[in-house]
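Visitor: Counting from 25, one number per residue, gives the positions in the sequence shown under the numbering used here.
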Amino acid sequence: MTRIFDVIFSILGLLFAAPVLLAIYIAGLFDTGSPLFLQERMGRRKKPFVLVKFRTMAVGTASVATHLAASASVTRVGAFLRRTKLDELPQLWNVLKGEMSLVGPRPNLFNQDELIAEREALGVYGVRPGITGLAQVAGIDMSTPKLLAETDARMMREMSMGLYFKLIFQTVAGKGSGDRVIR
């Protein structure tokens, strides 16, 4: 049932946010010269897919988990996009394509071995990754792999239409802090 809502909301989101997406894209051209950030991530059943986001870090920043990246890598526009979570908007395309859901575990990189092992042990890869989830609104990021995997598994067990909409609403309302970067 959530897939139907994922498709409807991603189409509506992409249509209604088109002017914002265009404005951010243009700002990104001036900020980094390369406004979109494409990165291979691990999806459902550990299948690779290319995640699309607005670039928030300087071009050439190492492809590591955000909590391992230096804060100096974050650009001025990128800091605003991260704070407002607008950097995530292009992922509506991933949702529309069926690679992601609006709600699910955040997709990890293939080099995050500890997180992969924890998630694998708890069966987290049985669902589509999401733009937001229980861990995100609780402020839990990938710097605590065991806690993150346990929170993802709990969300999967407790998932209902009510929780799906609650997590979307909490994310839109600004709950959660996003991934930390090294100071």
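Each residue gets a CB set at the ideal place from its N, CA and C atoms; glycine is no exception.
1. Ends of the beta strand (DSSP E) at K190?
2. Should the segment 176-183 be called in touch with the segment 150-167, which here means at least 3 C-beta pairs below 8 Å?
3. Just how far apart, CA to CA, sit S167 and A141?
4. So which of S125, R130, M81 and P129 has the shortest CA-CA distance to R106?
5. Assign G37 to one of three DSSP states: helix, strand, or coil.
6. Label A173 either buried or exposed according to how many other C-beta atoms from any shown protein chain fall within 10 Å of its C-beta, with 16 as the threshold for buried.
7. Tell me which residues share the same chain as V76 and place their Cβ nearer than 7 Å to its Cβ, disregarding the 5 neighbours each side in the sequence.
8. With 16 other CB atoms within 10 Å as the buried threshold, where does S34 fall?
9. Please look up how many angstroms separate the CB atoms of L146 and R65, rounded, as I've assumed it's under 8 Å.
10. Rounded to whole angstroms, how far is the Cβ of T195 from the Cβ of S125, which I believe are closer than 8 Å?
11. Once the 5 residues before and after V101 are set aside, which same chain residues still bring their CB inside 6 Å of it?
12. Going by Cα to Cα distance, which pick from L191, E144 and I48 is closest to L110?
13. Who are the near neighbours of V83 in its chain, counting only those whose CB is closer than 6 Å to its CB and skipping five residues on each side?
14. Could you name the residues of the same chain whose beta carbon sits closer than 8 Å to that of P72, not counting the 5 residues immediately before and after it, in chain order?
15. Relative to the C-alpha of L120, which candidate in I155, M185 and G200 has its C-alpha closest?
16. When the Cα of G170 is compared with those of V151, Q136, F193 and M185, which residue comes out closest?
17. So the alpha helix (DSSP H) V161 belongs to, where does it begin and stop?
Guide: So, from the data block:
1. Not the beta strand (DSSP E): K190 falls in the alpha helix (DSSP H), residues M185 to V196.
2. yes
3. 14 Å
4. M81
5. Three-state result, G37: helix.
6. buried
7. L60, L62, P114, Q115, W117 and N118
8. Buried, by the Cβ-count rule.
9. Actually they are not in contact, since the Cβ atoms of L146 and R65 sit about 18 Å apart, beyond 8 Å.
10. About 13 Å; that fails the 8 Å criterion.
11. A51 and D55
12. I48
13. T56 and S58
14. E64, R65, M66 and F134
15. I155
16. Reading off the sequence, residue 170 comes out as Lys, not Gly. Ranking the options by Cα distance to K170, first place goes to Q136.
17. L158 to V161
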